[in-house]
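*Asks:* Whatever position you read off the sequence shown (first residue = 1), add 392 for this note's numbering.
Ideal Cβ positions, reconstructed from N, Cα and C, are used throughout, including at glycine.
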Amino acid sequence: MNYTNEIKNKLFNLGSDLVGIADVKLLKDIETIPENLLSPFTRALSIAVQLPISVFEMIDDKPIPIYASVYQTANRLLDEIAFKISVEIQKNGYLSVPIPASQIIDWKNWLGAISHKAVARLAGIGWQGKNLLLITPQYGSRVRLVTVLTNAPLKPDAPIKNRCGKCTLCYDACPVGAIKNVTAKEHYKNRNEALDFNKCVKKLTMDFAKLPDIEVPICGICIKVCPFGKKLKN
Ligand code: B12
Ligand code: SF4
Ligand code: SF4
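1) Is the beta carbon of Ala576 sitting closer than 8 Å to the one on Gln520?
2) Does ligand 1 have even one heavy atom less than 7 Å from the beta-carbon of Tyr463?
3) Taking the DSSP output, what are the residues bridged to Ala414?
4) Is Gly612 near ligand 3 - that is, is its Cβ less than 7 Å away from at least one heavy atom of it?
5) Considering Cα atoms alone, identify which of Ala565, Leu403, Asn394, Leu514 is closest to Ile439.
6) Alpha carbon to alpha carbon, what distance is there between Lys500 and Leu430?
7) Could you check if Cys592 belongs to the surroundings of ligand 1, using beta carbon to heavy atom distance under 7 Å?
8) Applying the criterion that 16 or more other CB atoms from any shown protein chain within 10 Å of the CB defines a buried residue, is Ile413 buried or exposed?
9) On a CA-only basis, which of Glu607, Asn394, Leu470, Ile458 is nearest Val535? Give me that one, please.
10) Count the C-beta pairs between the region 521-528 and the region 474-484 that are closer than 8 Å, then say yes if the count reaches three, no if not.
11) Measuring CA to CA, which of Ala544, Asp415, Thr434 is closest to Asn484?
12) With 16 other CB atoms within 10 Å as the buried threshold, where does Val538 fall?
13) Tell me the rounded alpha-carbon separation between Ala510 and Asp453.
14) Ligand 1 and Pro529: does the residue's C-beta get closer than 7 Å to at least one heavy atom of that ligand?
15) Output the boundary residues of the beta strand (DSSP E) element that contains Pro457.
16) First and last residue of the beta strand (DSSP E) that includes Arg536?
17) Roughly how many angstroms lie between the CA atoms of Ala512 and Asp409, to the nearest whole one?
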């Protein structure tokens, strides 16, 4: 078995549901913290775990405590998978860094070390939907993501096409009218092209996160309404 398949198989055995590999050259214009984050690396592994779909069906106009718990568990699982594969890659003689699933480094601008969605898109896992989320053909946006940077000789995957089409379900459902109903052929130039970003941040931090037993800035509504991922996959 070649090394790329070996690493992908290990990731599936660790509990990943989708795995893709991006060529870091394609990420050269992306904002990172620190600025030189990508310089030792040639590949970015994108890893997704699916979330229990029935939890989203229980969400109506606000997040529920079960979703808050599932969110935390998925982050822990992803961080563990990313940690384990990084050490495995290191034992094979290559550099690697696991980027945490949900760590905010710049709180003023709401930024992590690197956008997991951008990596996932370039790794062929999905496209950037009108709700700015990463939409996978298999599970919609009912997935959470993590990234591992490496210089291991892995074969990159190719991006896939946007399949939102004329759908407006997330635009119609957003409780604060934050989604602008704009399609990105590849990716948005900035967050405000897709979203009225401040409206979304305000709703999640000033309202939803203050609900009993939520405590984290989550929502789930634009995930729930997306037709991709609504049905069980066999
Ligand atoms: C800070 C943060 C927030 C903030 C700010 C949201 C935001 N839109 O940035 C708040 C608290 C508001 C938030 C809300 C939500 N979040 Co949040 N959040 C993050 C976090 C930790 C960092 C985001 C970040 O740094 N963004 C930087 C900006 C610039 O990037 P971006 O949003 O991805 O969008 C740009 C790039 O993707 C770029 N791009 C895409 N491809 C390419 C290619 C190239 C070459 C270039 C140059 C650029 C580029 O295009 C976009 C515009 O510039 C990430 C984890 C992570 N490290 O990625 C999770 C993350 C984005 N959140 C996630 C989720 C699910 C949510 C919520 C649905 C809440 C919930 N869990 O119910 C909402 C959705 C809001 C929305 N519609 O976007 C998931 C998304 C999963 C998915 N399927 O897409 C992530 C990836 C966490 C995870 N580990 O899975 N979040
Ligand atoms: S996360 Fe909620 S508030 Fe933000 S864009 Fe989606 S539906 Fe709107
Ligand atoms: S709800 Fe429709 S428009 Fe929004 S991300 Fe999903 S497919 Fe795209």
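*Replies:* Well, looking at it:
1) Within the sequence shown, residue 576 is the residue found at index 184, counting from 1. Within the sequence shown, residue 520 is the residue found at index 128, counting from 1. In this structure, Gln520 lies closer than 8 Å to Ala576 by Cβ.
2) Locating residue 463 in the sequence shown gives position 71, counting from the first residue. Yes - ligand 1 has a heavy atom lying nearer than 7 Å to the Cβ of Tyr463.
3) Start at 1 with the first residue of the sequence shown, and residue 414 comes out as number 22. DSSP, once it has assigned bridges, lists Ala436 as partnering Ala414.
4) Residue numbering aside, residue 612 sits at position 220 when the sequence shown is read from its first letter. No, Cβ of Gly612 sits at least 7 Å from all heavy atoms of ligand 3.
5) What you label residue 439 is simply residue 47 of the sequence shown in a count that begins at 1. The alpha carbon of Ile439 has as its nearest neighbour, out of Ala565, Leu403, Asn394, Leu514, the alpha carbon of Leu403.
6) Walking along the sequence shown from the start, residue 430 turns up at place 38. Walking along the sequence shown from the start, residue 500 turns up at place 108. Rounded to whole angstroms, Leu430 to Lys500 spans 22 Å at the Cα level.
7) The residue you call residue 592 lines up with position 200 of the sequence shown. Yes, the Cβ of Cys592 comes within 7 Å of a heavy atom of ligand 1.
8) Numbered from its first residue, the sequence shown carries residue 413 at position 21. Under this definition Ile413 is a buried residue.
9) Against the sequence shown, residue 535 aligns to sequence position 143. Closest option to Val535, Cα to Cα, is Leu470.
10) no
11) The residue labelled residue 484 in the question sits at position 92 within the sequence shown. For the residues Ala544, Asp415, Thr434, the minimum Cα distance to Asn484 belongs to Ala544.
12) The residue given as residue 538 occupies position 146 in the sequence shown. With 16 or more other Cβ atoms within 10 Å, it is buried.
13) In the sequence shown, the residue the question calls residue 510 occupies position 118. In the sequence shown, the residue the question calls residue 453 occupies position 61. Straight-line Cα distance between these residues: approximately 28 Å.
14) Here residue 529 corresponds to residue number 137 of the sequence shown, with the count starting at 1. No - ligand 1 has no heavy atom lying nearer than 7 Å to the Cβ of Pro529.
15) Taking the sequence shown and counting its residues from 1, one reaches residue 457 at position 65. Looking at the DSSP string, Pro457 is not in any beta strand (DSSP E); the run it does join, the alpha helix (DSSP H), is 457-483.
16) Position 144 of the sequence shown, counted from the first residue, corresponds to residue 536. Counting along the chain, Arg536 sits inside the beta strand (DSSP E) bounded by residues 535-542.
17) Here residue 512 refers to the residue found at position 120 when the sequence shown is read from its first residue. Here residue 409 refers to the residue found at position 17 when the sequence shown is read from its first residue. So the alpha carbons of these two residues sit roughly 13 Å apart.
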